[in-house]
Structures are given as C-alpha cells and as structure tokens.
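Asker: Heads up, the sequence shown is in our numbering, so the first residue is 39 and it goes up one at a time.
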Amino acid sequence: MKIVVALAVRAALVIVTCCGLVSCRDELKPASTTIVAPVASKPASPASPVSSASSVPPAPPAPPASPAPPASPAPSASPAPPAPSKRQQLLNTEVRALYITSWTAGINRFKVLTDMVSRSHLNAVVIDIKDSTGKVGYDSKVPMVAQTGAHEKRIRDLAAVLKQCRDKKLYTIARIAVFQDPNLAKARPDLAVGSGGKQIWRDRKGLAWVDPASKVVWEYNLAIAKEAAAKGFDEVQFDYVRFPTDGKLKTMTYPVYKHDVPKHEIIRRFFQYVDQQMSPVDVMTSADIFGLTTMVDNDMNIGQRIQDVADYVDFVCPMIYPSHYPHGHLGLKNPAEHPYRVIYDASLRGVMRLEGKRARMRPWLQDFKLGRHTTRG
Numbered sequence: 039m040k041i042v043v044a045l046a047v048r049a050a051l052v053i054v055t056c057c058g059l060v061s062c063r064d065e066l067k068p069a070s071t072t073i074v075a076p077v078a079s080k081p082a083s084p085a086s087p088v089s090s091a092s093s094v095p096p097a098p099p100a101p102p103a104s105p106a107p108p109a110s111p112a113p114s115a116s117p118a119p120p121a122p123s124k125r126q127q128l129l130n131t132e133v134r135a136l137y138i139t140s141w142t143a144g145i146n147r148f149k150v151l152t153d154m155v156s157r158s159h160l161n162a163v164v165i166d167i168k169d170s171t172g173k174v175g176y177d178s179k180v181p182m183v184a185q186t187g188a189h190e191k192r193i194r195d196l197a198a199v200l201k202q203c204r205d206k207k208l209y210t211i212a213r214i215a216v217f218q219d220p221n222l223a224k225a226r227p228d229l230a231v232g233s234g235g236k237q238i239w240r241d242r243k244g245l246a247w248v249d250p251a252s253k254v255v256w257e258y259n260l261a262i263a264k265e266a267a268a269k270g271f272d273e274v275q276f277d278y279v280r281f282p283t284d285g286k287l288k289t290m291t292y293p294v295y296k297h298d299v300p301k302h303e304i305i306r307r308f309f310q311y312v313d314q315q316m317s318p319v320d321v322m323t324s325a326d327i328f329g330l331t332t333m334v335d336n337d338m339n340i341g342q343r344i345q346d347v348a349d350y351v352d353f354v355c356p357m358i359y360p361s362h363y364p365h366g367h368l369g370l371k372n373p374a375e376h377p378y379r380v381i382y383d384a385s386l387r388g389v390m391r392l393e394g395k396r397a398r399m400r401p402w403l404q405d406f407k408l409g410r411h412t413t414r415g
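1. Pull up the DSSP beta-bridge partners for F328, would you.
2. Among residues of its own chain, excluding the 5 on either side of R306, which ones have a beta-carbon nearer than 6 Å to its beta-carbon?
3. S140 and D177 look like a contact to me (Cβ under 8 Å); what is the Cβ gap, rounded to whole Å?
4. Taking buried to mean at least 16 other C-beta atoms within 10 Å of its own C-beta, is T289 buried or exposed?
5. Restricting to Cα atoms, I'd like to know which of V155, R226, S156 and I211 is closest to M182.
6. Quick test of your reading: I344 and R391, contact by CB under 8 Å. State the CB separation rounded to the nearest angstrom.
7. Taking the C-alpha atoms as reference points, what is the distance between G341 and E132?
8. DSSP puts E273 in a beta bridge; with which residues?
9. Leaving aside the five residues before and after K80 along the sequence, list all residues of the same chain whose C-beta is less than 6 Å from its C-beta, in chain order.
10. What number of angstroms, rounded off, separates the C-alpha of N339 from the C-alpha of A162?
11. Quick one: does the C-beta of N130 sit closer than 7 Å to a heavy atom of the ligand GTP?
12. Starting from the Cα of Q440, find the closest Cα among L368, M322 and R192 and give me that residue.
13. Can you tell me where the beta strand (DSSP E) holding D166 begins and where it ends?
14. Exposed or buried, what is S83 when buried is set at 16 or more other beta-carbons lying within 10 Å of its beta-carbon?
15. Would you kindly work out how many angstroms separate the C-alpha atoms of A261 and G175, rounded to a whole number?
16. Per DSSP, what are the beta-bridge partners of H189 in this structure?
17. Helix, strand or coil for Q218, going by three-state DSSP, please let me know.
18. With respect to the alpha helix (DSSP H) encompassing L136, which residues constitute its N-terminal and C-terminal limits?
19. Mind checking which residues open and close the alpha helix (DSSP H) that includes P122?
20. Rounded to whole angstroms, what is the Cα-Cα separation between P122 and Q237?
21. Starting from the Cα of V254, find the closest Cα among K371, Y311, A384 and H365 and give me that residue.
22. Which value, in whole angstroms, describes the spacing of the CA atoms of R379 and P401?
23. Terminal residues of the continuous alpha helix (DSSP H) containing S158?
24. Give the DSSP-derived three-state secondary structure of M399 in the structure shown.
25. Tell me which same chain residues have a C-beta within less than 7 Å of the C-beta of L196, skipping the five on either side of it?
26. Per the DSSP calculation, T291 is bridged to which residue(s)?
27. Are the CB atoms of F217 and W247 within a distance shorter than 8 Å?
28. Could you round the C-beta distance between D349 and R398 to whole angstroms and report it? I think they count as a contact, below 8 Å.
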C-alpha cells in the first residue's frame, strides 16, 4: 500500500537516486580538433645564364635545382568521442522528484510547486496521468479511455504543463497505476478480479482490481504510456503492477489467470511486454515495487520480485518506507524511528541484487511521520 502525505497537496513523496550507490558521470565533451594542412615547398627557379662580353664562350647553364619533396602532412588528431545519447544522459542524471497528483497538476498550485522545485535541490516531478482510481486525468485519445469513461477533467492543458516543466528544466515522469483500476473493473467486469458469481472483488479500501494476466489490460495501459511519451514526458513509471495484497484474498477469482504459473511469472511477462512495446519509443521506463523486494527472495504472494523487473525497465523504485517494516527489523524495536539505517540497509541490498541487471535503483522515500513516536530536535 502506498501512503503519501500532502505538501499543500494530497500527497508528496521524494524520489531520489541512491547517492553514492549510483554515480552520476560528467558528460564527455568532444575534444577540439585542429586540422593541419600540409605545406608544400615551392620548387627553386632555374638559374639564369651568365652573359659575358668576352669571346670566351659562356659556361653552360646550371641544371635546374631539384624540387624539394613536399613536407609530410601532420598526423590528424584523434577523432572526438561521440556525444552521449539522450538515453545515456538521462541514465546518468541523478533524479530527485516531487510527486504531484493530477488534480494538483491542473490548478494554479502546480506553478507554485514547480517554482519551489526549481529553486530547491529537486530537479524532477512525478505527475499522475492514470491514478489508482483508474481515472485518466488529461484529454486522452486512447479509444478505450473513452469507451470505459476513464477520462476525468483534471489537467486542462497537459501541453502547457509539460512546457512549464521544460522551461524550468525539470525532468518529467508520468505515473500510471496499472492493475488497481476500479474504473476499468466497473466498465469491463469481464476483466475484473471477482469474488464469486458476478460480483467484483474489492480490497479493504473498497477499490477494485483487474486481472494482472489479462493482455487486454496490458495493451490498454501501454497505449496510455505511449501517448504520455508522445506528449513529451521524459519517463513513464508503472505502479500497482502486482496482485492484490489485502482484503478477503481467498474469495478472489480471476477471469484470465489460471494459477498454472507462479504469480511472479505473470508480472515478469508483463514487464517483458512493457520492454517490447516501449523500446522503440524515445522515453525512459521505471517500475514502483515494494520495499521488501530488496531483501526477500519470494514474491510475497503478490508477484513482485526485484530480479523479475530489473531486466525490462531503466529504473526500479522500491518504496522504502521505514514505517512499513515490522518491529524487530534489523533488531530495531521501531524501524520508523531509525529512517537512515532502514533506508541505507534496503538501498544497499537492492543495489547488490541489481548487479549485472539493466535497471538502476531509484527508491521512493517516506515523507510522513507514520509510526514515529518521538520528537527530535
């Protein structure tokens, strides 16, 4: 469960690259090249005959001087190294972002927040374009958005929002909640997680989910992702890519998933599909995953394992919230009271598990005091 706290908005999380664990290289500047033209020696003019008034015959004219060989051309300079591609530059950019809901992105408050970000140590924003209600917050042209009534007028002018971010040199990340989708479940109950008969299953918050194994659901979310890239986002981030975690789990039924393969294999196949569909698109990709994936080996019955995600996206973003770790974790009575130790340990474990993988780690960090009982100066 993702918990966020408002920073004059409904929620605000800081998402950063692990400092010291993922280094940011300076861009290679092409070396200047001086072209040295070869200088050819001019041949000497032949000697003029000597005239004499005497009867002595003049000496025969001197043979013309042999022309000097042309100077060897100076060796050309080594070719300059190629400039890093946009993808390489973005991979080497340390991202520190503020999470902003689609509601906030559609009001004047958004300008206040982006001004604040541009003046701070932050350099990016995560903007909801399809949140965990299943609503799409901008005027999408994806046919299924209209067919399912998913559009809700929140961001009136997405182009203006992205231009504002570009003008402030802010990296933009489009967040898409995938399988927690009450809107799609209601409009297409044939895709929804059920609870027996024709009833739609709901979690403890009363939210409905769609089947993680459904290719129709995959295609719907990827269509939105491609549209976000075409609109100008630098990165598309997939969230709620898992099976449900809470509620009456034993009553769940799936229209597509047949329990014939492990849940983590379904999630791995989804991200493999993400990679296939997004590779031709000039955009970065990332995935939000549970913080515990950096330290446990099983999929926790929700289908998430960090190693299954890391080969198919550019960044994995574990939600390392100290308040969500059990009492006794790392020998700590209350992990929420020791955020540095919890975050450092989880980050270190995550980086070790990503060794040799495509993805880099960029964790979500907790910006709320849940579970903390003491006050520190």
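Idealized CB from N, CA, C, for every residue including glycine. Note that the coordinates shown come from a computational prediction; the quantities given were computed from them, not determined experimentally.
Answerer: For this structure:
1. M357
2. D346
3. That pair is no contact at about 12 Å.
4. exposed
5. R226
6. 5 Å
7. 29 Å
8. I211 and M322
9. Note that K80 has pLDDT 32, beneath the 50 cutoff, so the model's placement of it is unreliable and no number is given.
10. 33 Å
11. Ligands in the displayed structure: none, and consequently the ligand GTP is not present.
12. Outside the shown range of the chain, which is 39 to 415, sits residue 440, and nothing can be said about it.
13. A162 to K168
14. With a pLDDT of 34 at S83, under the threshold of 50, the modelled position of that residue is not reliable, and no figure is offered here.
15. 15 Å
16. V174
17. strand
18. Careful: L136 lies outside any alpha helix (DSSP H), inside the beta strand (DSSP E) at R134 to I138.
19. From DSSP, P122 is part of no alpha helix (DSSP H); its letter is neither H nor E.
20. 53 Å
21. Y311
22. 15 Å
23. Neither: S158 is in no alpha helix (DSSP H) and is coded neither H nor E.
24. strand
25. Y176 and K269
26. G232
27. yes
28. That belief does not hold up - the Cβ atoms of D349 and R398 are roughly 12 Å apart, past 8 Å.
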